[in-house]
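In what follows, a single structure is set out as structure tokens and then discussed.
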Amino acid sequence: MTQIEDPTVTLARLLDTNIQVVKDNGSLADICVTTEWVNRELLKDVDGQVTVGLDHSEDQKLGFSANLRRRVGIARVKIWVVDRAGFAGKQIRNKLREEVNRVVREKRTKPNQTVYNYINVGAGSDSHKAYYAGSASELAPDAAEWTEFSAEQYEQLWQSDETRFSYGQSEDAQYSFLLFRIKVESNRNVVKKAVLKFEGYGDAPAGNGVTVKAWNFEASEWQNMQTATGNDDETVTVTLESSIQDYIDSDGYVYLLARTTNPSDGASQAVIHCDYVECLVVVEGICYVDIVSYRDIDDVRLKPYIWCTEFAVKSWLFEEVTVT
Numbered sequence: 013m014t015q016i017e018d019p020t021v022t023l024a025r026l027l028d029t030n031i032q033v034v035k036d037n038g039s040l041a042d043i044c045v046t047t048e049w050v051n052r053e054l055l056k057d058v059d060g061q062v063t064v065g066l067d068h069s070e071d072q073k074l075g076f077s078a079n080l081r082r083r084v085g086i087a088r089v090k091i092w093v094v095d096r097a098g099f100a101g102k103q104i105r106n107k108l109r110e111e112v113n114r115v116v117r118e119k120r121t122k123p124n125q126t127v128y129n130y131i132n133v134g135a136g137s138d139s140h141k142a143y144y145a146g147s148a149s150e151l152a153p154d155a156a157e158w159t160e161f162s163a164e165q166y167e168q169l170w171q172s173d174e175t176r177f178s179y180g181q182s183e184d185a186q187y188s189f190l191l192f193r194i195k196v197e198s199n200r201n202v203v204k205k206a207v208l209k210f211e212g213y214g215d216a217p218a219g220n221g222v223t224v225k226a227w228n229f230e231a232s233e234w235q236n237m238q239t240a241t242g243n244d245d246e247t248v249t250v251t252l253e254s255s256i257q258d259y260i261d262s263d264g265y266v267y268l269l270a271r272t273t274n275p276s277d278g279a280s281q282a283v284i285h286c287d288y289v290e291c292l293v294v295v296e297g298i299c300y301v302d303i304v305s306y307r308d309i310d311d312v313r314l315k316p317y318i319w320c321t322e323f324a325v326k327s328w329l330f331e332e333v334t335v336t
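Numbering of the sequence shown is given in the numbering used here, commencing with residue 13 and proceeding in unit increments.
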């Protein structure tokens, strides 16, 4: 049974995955988002911290039976930036304030949705990984035959821009495979839906085509097959809803397999091309957020100054509660 995710965890992840603050030198600011209180030691090493905590929650009964309920919560989202030598703390705080406003407003109807992709992922990443192999049969994710992408090859997955990674081999009766490991940050027990997307195509002597599947850990096999038959980029989608916990392991990993639909004939290659991969994850929990108000609460009594802004953010979720 799918559990409800803590609203503060959902909101913190929404901010963490979408906030982007650009400093005056053109680089991205290092912003830490947590559900804990402000960490003054941490502020020495990062450009800013955003903390998310629950202020209060209200339970609203909908209908005469009160079976359908709406849980309305108010979260306190605080921005913390400390002045230090050569660092314009107030300016970063002001930019971060605008980013929190932007993210919450733009994502207000889908705070429980997170898109995972390979942007800025490189070799040796401890989150998402990608591999290639040639084989006559479908390999398990832990098979020794897989070879990880190089740093340059990972860059070809960063954007949907027709800069593709291609792998081909000409062993008779062997298919060309790609394997994608995606790290889901949410506990698998709160995930209610995952949508895996592969953008690319395959070609082989017997014809064009790509076949895509997801790994079922409970059954120890590739399932939910989807195919495409074109000779140019197509988006092939695998949607997981039923028994979705079977497709996410205890460490939060989801595996996607893509292969040429047809094998090599020993003379000509079977080649698989990939432009982009992503995984959309939807959790059970809050389905709406919005800004209620915000105010600056700077502390400039002593140096270094602490530039702080506090937001009140409203969220809600719906529950079906049956009397037992």
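Just so it is clear, CB atoms sit at the ideal spot from N, CA and C, and this is done for glycine as well.
Under the DSSP assignment, Tyr144 falls in the beta strand (DSSP E) whose first and last residues are Lys141 to Ser147. For the pair Tyr288 and Glu211, the CB atoms are nearer than the 9 Å cut-off.
In summary, Asn79 is exposed, with fewer than 16 beta-carbon neighbours lying within 10 Å of its beta-carbon over all protein chains present. In this structure, Arg193 keeps its C-beta atom at 9 Å or more from the C-beta atom of Ala226. Just so you know, the alpha carbons of Val293 and Arg313 end up roughly 44 Å apart.
In this structure, Ile91 and Thr321 form a Cβ contact; the two beta carbons are roughly 4 Å apart against a cut-off of 8 Å. According to DSSP, residue pairing for Cys320 in a beta bridge involves Trp92.
Listed as beta-bridge partners of Tyr267 by DSSP are Arg193.
The beta carbon of Thr121 sits closer than 7 Å to the beta carbons of Tyr300 from its chain, once the five residues preceding and following it are set aside; these are given in chain order. By the Cβ rule, the stretch 266-282 counts as touching the stretch 212-220, because three or more pairs are nearer than 8 Å. Taking the Cα of Gly85 as reference, the smallest distance to any Cα among Ala100, Ser77 and Ser69 is reached at Ser69.
Residues Lys204 and Glu296 of the same chain have their beta carbon placed closer than 6 Å to that of Thr14, with the five preceding and five following residues left out of the count. Contact between Gln186 and Phe177 does not hold, since their C-beta atoms are separated by about 18 Å, which reaches or exceeds 8 Å. Cα atoms of Leu40 and Phe161: separation of roughly 26 Å, rounded to the nearest angstrom.
The beta carbons of Ile43 and Gly65 sit about 17 Å from each other, so the pair does not count as a contact at 8 Å. Straight-line measurement puts the Cα of Leu108 at about 9 Å from the Cα of Val62.
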